[in-house]
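There are 2 protein chains.
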Amino acid sequence: MEVTRSNFKDNLGKIYEAIEEADFLAIDGEFSGISDGPSVSALTNGFDTPEERYQKLKKHSMGFLLFQFGLCTFKYNLTEAKYVMKSFNFYIFPKPFSRTSPDVKFVCQSSSIDFLANQGFDFNKVFCNGIPYLNQEEERQLREQYDEKRSQANGAGTLSYVSPNATKHPVTIPEDQKKFIENVVERIEELLQKEESSSLELEPCTGFQRKLIYQMLSWKYPKGIHVETVETDKKERYIIVSKVDEEERKRREQVKQVKEQEELNDAVGFSRVIHAIANSRKLVVGHNMLLDVMHTIHQFYCPLPEELGEFKEVTTCVFPRLLDTKLMASTAPFKETISNTSLAELEKRLKERPFSPPKVESAEGFPSYDTASEQLHEAGYDAYITGLCFISMASFLGSFLSPPKNPVSANSKLIEPFFNKLFLMRVMDIPYLNLEGPDLEPKRDHVLYVTFPKEWKTSDLYQLFRAFGKIQVSWIDDTSAFVSLSQPEQVQIAVNTSKYAESYRIQTYAEYSENKHGEKRQG
Amino acid sequence: MEVTRSNFKDNLGKIYEAIEEADFLAIDGEFSGISDGPSVSALTNGFDTPEERYQKLKKHSMGFLLFQFGLCTFKYNLTEAKYVMKSFNFYIFPKPFSRTSPDVKFVCQSSSIDFLANQGFDFNKVFCNGIPYLNQEEERQLREQYDEKRSQANGAGTLSYVSPNATKHPVTIPEDQKKFIENVVERIEELLQKEESSSLELEPCTGFQRKLIYQMLSWKYPKGIHVETVETDKKERYIIVSKVDEEERKRREQVKQVKEQEELNDAVGFSRVIHAIANSRKLVVGHNMLLDVMHTIHQFYCPLPEELGEFKEVTTCVFPRLLDTKLMASTAPFKETISNTSLAELEKRLKERPFSPPKVESAEGFPSYDTASEQLHEAGYDAYITGLCFISMASFLGSFLSPPKNPVSANSKLIEPFFNKLFLMRVMDIPYLNLEGPDLEPKRDHVLYVTFPKEWKTSDLYQLFRAFGKIQVSWIDDTSAFVSLSQPEQVQIAVNTSKYAESYRIQTYAEYSENKHGEKRQG
Ligand SMILES: Nc1nc2c(ncn2[C@@H]2O[C@H](COP(=O)(O)OP(=O)(O)O)[C@@H](O)[C@H]2O)c(=O)[nH]1
Ligand SMILES: Nc1nc2c(ncn2[C@@H]2O[C@H](COP(=O)(O)OP(=O)(O)O)[C@@H](O)[C@H]2O)c(=O)[nH]1
Chain Y
1 MEVTRSNFKD
11 NLGKIYEAIE
21 EADFLAIDGE
31 FSGISDGPSV
41 SALTNGFDTP
51 EERYQKLKKH
61 SMGFLLFQFG
71 LCTFKYNLTE
81 AKYVMKSFNF
91 YIFPKPFSRT
101 SPDVKFVCQS
111 SSIDFLANQG
121 FDFNKVFCNG
131 IPYLNQEEER
141 QLREQYDEKR
151 SQANGAGTLS
161 YVSPNATKHP
171 VTIPEDQKKF
181 IENVVERIEE
191 LLQKEESSSL
201 ELEPCTGFQR
211 KLIYQMLSWK
221 YPKGIHVETV
231 ETDKKERYII
241 VSKVDEEERK
251 RREQVKQVKE
261 QEELNDAVGF
271 SRVIHAIANS
281 RKLVVGHNML
291 LDVMHTIHQF
301 YCPLPEELGE
311 FKEVTTCVFP
321 RLLDTKLMAS
331 TAPFKETISN
341 TSLAELEKRL
351 KERPFSPPKV
361 ESAEGFPSYD
371 TASEQLHEAG
381 YDAYITGLCF
391 ISMASFLGSF
401 LSPPKNPVSA
411 NSKLIEPFFN
421 KLFLMRVMDI
431 PYLNLEGPDL
441 EPKRDHVLYV
451 TFPKEWKTSD
461 LYQLFRAFGK
471 IQVSWIDDTS
481 AFVSLSQPEQ
491 VQIAVNTSKY
501 AESYRIQTYA
511 EYSENKHGEK
521 RQG
Chain G
524 MEVTRSNFKD
534 NLGKIYEAIE
544 EADFLAIDGE
554 FSGISDGPSV
564 SALTNGFDTP
574 EERYQKLKKH
584 SMGFLLFQFG
594 LCTFKYNLTE
604 AKYVMKSFNF
614 YIFPKPFSRT
624 SPDVKFVCQS
634 SSIDFLANQG
644 FDFNKVFCNG
654 IPYLNQEEER
664 QLREQYDEKR
674 SQANGAGTLS
684 YVSPNATKHP
694 VTIPEDQKKF
704 IENVVERIEE
714 LLQKEESSSL
724 ELEPCTGFQR
734 KLIYQMLSWK
744 YPKGIHVETV
754 ETDKKERYII
764 VSKVDEEERK
774 RREQVKQVKE
784 QEELNDAVGF
794 SRVIHAIANS
804 RKLVVGHNML
814 LDVMHTIHQF
824 YCPLPEELGE
834 FKEVTTCVFP
844 RLLDTKLMAS
854 TAPFKETISN
864 TSLAELEKRL
874 KERPFSPPKV
884 ESAEGFPSYD
894 TASEQLHEAG
904 YDAYITGLCF
914 ISMASFLGSF
924 LSPPKNPVSA
934 NSKLIEPFFN
944 KLFLMRVMDI
954 PYLNLEGPDL
964 EPKRDHVLYV
974 TFPKEWKTSD
984 LYQLFRAFGK
994 IQVSWIDDTS
1004 AFVSLSQPEQ
1014 VQIAVNTSKY
1024 AESYRIQTYA
1034 EYSENKHGEK
1044 RQG
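Chains as they are written, first to last, in my numbering: chain Y, 1 to 523; chain G, 524 to 1046.
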């Protein structure tokens, strides 16, 4: 089902329930772009280390917005021997919820936008009706703001809500504001005297003046009045002071507090779904999911940490069990039979022998997707077929047991080898990023790091290495590339012959790596 | 009328005609955001110099996309004594037109997007159907690419189209490609021998290999064959070589050339409208138009120049006569009678005495706007009412002549004082940016530049200057502000008393200004 700002709150219960009852979840995200700098192929260099890849994606991809999030929950129905799925397609947009809320800036990449436009993506749904969200720090700050406002409001009864973090001192009234405040005091004294009037509207004034008024009132009149800020049509803000007895005052405070809690929940918005997924500790599958995971953490938890190591820690807190179907499909025993691991091709391939299409139906009241008429690149649909791929591949593994096991549970030892390993796109010799420990460090003793003038083309590199037989070029940027030779023994020859070259420079991968770390240590 | 990618080409003639026949033009732009850094009030500090304001807008506003452009043309009909207007509302989007075209990244500000969403803005029209554009450098590059491709194609007849800038040397065939090329030559020889076959499809190969093939063919077979690159369903590119006589070859070249010219025009897209406006040298009016002008130059001509002086030069080339209705309304004799110069309020005010609503009708076949049911913040509508405001104010000036003059022509001496002066938002003592010469340099001898810890609030500043009577604070950023005192004589006292202060620092505006220029000279 489609979930937007309009129907989010009404369906949140349904969403929580679907997550709670599920055996596993599948997710997918659509972004407003991929790279704000290097071309995709330079962003995904064949000899990136996991750390380098992380740093590049962090630097060049996190400015984009994750604006559609697909969640598909799968629950096995034993009696009917089939999976029942519920698919949600969320539209996400950081709508500012008040004058003081974060005003998010995000980047759009025209090729990505154009690609989605061609897929029939509905941008109006995102921008006019996307669900807002806050990360944890923003949520904390907003909560504090409410607490502080409450502690400013008059009445001893509210003091208990003052945030322990609120270190703010009371403001002393500046000289030029004293007259203003005195005048307010006089008028309130008048109000309290007069039997016939029950409230007083002050003139619109500045936020600082309102702060002074609140502060003065809570100190001078802890009881007997209720203070509230109201906005005129012209968006000017003014204060209304009303006489109330203690009971009425408390009742009003309570109503306000409930309202505030609801506002807070609304502002946290879609992040509540991610919190629910995290708290469920369920298996979450995705296809080629590194960017999805990075965006999810970045947008709904916290800005991405400096170092890959910390990212791994945060990620395993938020998603204790991840499985990447692209990695699974690229690994034995699937690798041998699956030539194309792109999501659409994989889904088609897994319907045919030796695999078999999984039995999955959509739950009652949930629209069903038709895999024949593809709706590829809608996040909800992509999450759905990612789930199908996972089920097929897991069943295939189960078929080797005796007796064969079907379905394979999300906790099965059979799929454990694939847990918490995220596919690394286009890296030649490191298949995955390992969230649970150190990454693989393959030998790169046949790789050269070459720098040259920016006029050079691939053909110049072929020319330079023409004596070395078959080579492979991986562009880093305009003026550097990795060149892999077929024989590690040739590496030193190449380096030696280049000693006196002026226009270009050749280093071994080890030297490159050493320098890079040196630079980092120096900061 | 609404103009999108779908109907742009069909209506371009109409647009050119409207510009050509017009007495004056009104324009307006809608952007995907305003500021990617400072809040709007810090971006528009009360004591910015025009140079500082230019630098801030250049740095913090040009990352956004101008994605809707309103153009309204006005032509006076003498016999009917009324203006006839044609209004165009263009949707703009930098859709990449080929694999090698610029992939524009632009920023969106969620508050601006939300604001437009609330006005009913149609984002799908922008992103799915916006008109593309190129700036002058991109257009030049694309033209060169076509020229180069043409010069690579075989046949002496095409050599005359080689761009004079094409300094590219022929590529020498690298060792590892020699076999490949030899094989191609063999197969073409075969083709030329065999009576019965008229063409040859080569296998898909890399761009570099295609380049080598083109080069070799044009050298080896200047006549008698036609070469063309075709794409398979899978987006692989391969070359087809056909036997043709000289006439047929020339005909094909010509067809191709016409097609290329059309592709080039399509890519230049909306920029052609801006070129037409520029070439018309007509009066262009806008309301608070500095950002509109900056975005227009930046997006459709060239990245904004480093210095304000150069910006003024470029701008007067593109728009030889600009008039800002917000500046006009804020200047005598209008200033006295017009209290609110925001576009919507101004338009309403100018319908009442002593002004009178202009007689304007939309041209036949053009939809008319109803100013009663406002469609504010649609660029076409905003351009329209900007035009109305200009006509009313100009007529008002004309009414003082004897005999009164109505309408006032776009060349009239009466409005000359307002030419090429762009309103400077919220600057206290410099009303406009002067495009035709040096800017005003008012005395700022009552202004202090104060720096302080970022915990400080406005109230701390009031506190600090409590001895100096009424002050005014203009925030620069978290840790600095301008404070204006009522008496210039107090300035030195304030500076002196702060000599030994540790937490804050006070400088005169002159000192601040001196330092800033010093930094720039060193920078
Ligand atoms: N100097 C130079 N740089 C190149 C060349 N080809 C690629 N690059 C650089 O490497 C990056 C990745 O290029 P490539 O792998 O061809 O991917 P593409 O840009 O998506 O076609 C580019 O953005 C350039 O910075 C070349 O022929 N010469
Ligand atoms: N340290 C400090 N900085 C402020 C304060 N008020 C404003 N600023 C700075 O000045 C900028 C402009 O603030 P302001 O004029 O109030 O506009 P606003 O941010 O749109 O409300 C802010 O983004 C801050 O960098 C304040 O009370 N204390």
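All C-beta atoms in this analysis are idealised placements derived from N, C-alpha and C, irrespective of residue type, glycine included. All figures in this text were calculated on a predicted structure; none of them were measured in a lab.
Is the beta carbon of residue j closer than 8 angstroms to that of residue i?
| i | j | result |
| --- | --- | --- |
| ILE762 (chain G) | LEU725 (chain G) | yes |
| ALA640 (chain G) | CYS128 (chain Y) | yes |
| SER502 (chain G) | PHE592 (chain G) | As displayed, chain G neither begins before 524 nor continues past 1046, which places residue 502 (chain G) out of reach and without an answer. |
| LEU25 (chain Y) | VAL284 (chain Y) | yes |
| ILE994 (chain G) | SER982 (chain G) | no |
| PRO417 (chain Y) | LEU388 (chain Y) | no |
| LYS82 (chain Y) | GLU361 (chain Y) | yes |
| LEU134 (chain Y) | SER271 (chain Y) | yes |
| THR316 (chain Y) | LEU435 (chain Y) | yes |
How is residue i classed by DSSP in three states: helix, strand or coil?
| i | result |
| --- | --- |
| ALA166 (chain Y) | Confidence at ALA166 (chain Y) is low in this model, with a pLDDT of 36, below 50, so its placement is unreliable and no value can be given for it. |
| ILE173 (chain Y) | coil |
| THR232 (chain Y) | coil |
| GLN487 (chain Y) | coil |
| ILE506 (chain Y) | strand |
| TYR602 (chain Y) | The structure shown does not extend to residue 602 (chain Y), since chain Y spans only 1 to 523, so no value can be given for it. |
| ARG444 (chain Y) | coil |
| LEU323 (chain Y) | strand |
| ARG272 (chain Y) | helix |
| THR623 (chain G) | coil |
| THR864 (chain G) | coil |
| GLY910 (chain G) | helix |
| LYS701 (chain G) | helix |
Closest by CA to residue i, which one among the options?
| i | options | result |
| --- | --- | --- |
| SER1047 (chain G) | G:MET817, G:LEU827 and G:PHE975 | With chain G represented from 524 up to 1046, any question about residue 1047 (chain G) goes unanswered, as that position is not in the structure. |
| ILE27 (chain Y) | Y:GLY518, Y:LEU290, Y:GLY269 and Y:LYS9 | Y:LEU290 |
| PRO94 (chain Y) | G:GLU719, G:SER1003, G:SER634 and G:VAL707 | G:SER634 |
| ASN600 (chain G) | G:VAL931, G:LYS628, G:LYS702 and G:ILE820 | G:VAL931 |
| LYS149 (chain Y) | Y:GLU175, Y:HIS446, Y:GLU260 and Y:ASN496 | Y:GLU260 |
| SER721 (chain G) | G:VAL767, G:ILE704 and G:ASP533 | G:VAL767 |
| PRO828 (chain G) | G:SER1009, G:PRO961 and G:LYS582 | G:LYS582 |
| SER486 (chain Y) | Y:ALA467, Y:SER480 and Y:THR479 | Y:ALA467 |
| PHE638 (chain G) | Y:ASP103, Y:CYS108, Y:GLN109 and Y:PHE115 | Y:ASP103 |
| LYS532 (chain G) | G:ILE654, G:PHE644 and G:HIS798 | G:ILE654 |
| ARG775 (chain G) | G:LYS598, G:MET948, G:ARG760 and G:VAL750 | G:VAL750 |
| GLY992 (chain G) | G:GLY560, G:TYR1035 and G:PRO1011 | G:PRO1011 |
| GLY832 (chain G) | G:THR819, G:PRO961 and G:ASN802 | G:PRO961 |
| ILE736 (chain G) | G:ILE711, G:LEU924 and G:ILE1029 | G:ILE711 |
For a test of your reading of the model: does the CB of residue i fall under 7 angstroms from any non-hydrogen atom of ligand 3? Yes or no.
| i | result |
| --- | --- |
| GLN777 (chain G) | In the structure on display, ligand 3 does not appear, and the ligands it does have are ligand 1 and ligand 2. |
Output yes if chain C places a C-beta closer than 8 angstroms to the C-beta of residue i; else output no.
| i | result |
| --- | --- |
| ASP382 (chain Y) | Of the chains in the structure shown, none is chain C; the protein chains are Y and G. |
message = Give me the subset of the segment 627 to 639 of chain G whose CB atoms are less than 7 angstroms from a CB atom of chain Y, sorted by chain position.
response = VAL627, LYS628, PHE629, VAL630, CYS631, GLN632, SER633, SER634, ILE636 and ASP637
ask   = According to a CB-to-CB cut-off of less than 8 angstroms, which residues of the segment 607 to 627 of chain G neighbour chain Y?
value = PHE616, PRO617, LYS618, PRO619, ASP626 and VAL627
inquiry  = Any C-beta of chain G within less than 8 angstroms: which residues of the segment 455 to 470 of chain Y qualify?
reply    = LYS457, THR458, SER459, TYR462, GLN463, ARG466 and LYS470
inquiry  = Residues of the segment 172 to 190 of chain Y in Cβ contact with chain G at a cutoff of 9 angstroms, in chain order, please.
reply    = THR172, ILE173, PRO174, GLU175, ASP176 and GLN177
message = What are the residues in the segment 713 to 746 of chain G lying within 8 angstroms of chain Y by C-beta distance?
response = PHE731
Residues within the segment 643 to 671 of chain G neighbouring chain Y, beta-carbon criterion of under 7 angstroms = ASP645, PHE646, ASN647, PHE650 and CYS651
message = If the cut-off is 8 angstroms on Cβ atoms, which residues from the segment 268 to 282 of chain Y count as contacting chain G, listed in chain order?
response = none
key: Positions along the segment 387 to 398 of chain Y whose CB lies within less than 9 angstroms of some CB in chain G   = none
query = Using a Cβ cut-off of 9 angstroms, which residues of the segment 16 to 37 of chain Y contact any Cβ in chain G, in chain order?
reply = SER32, GLY33, SER35, ASP36 and GLY37
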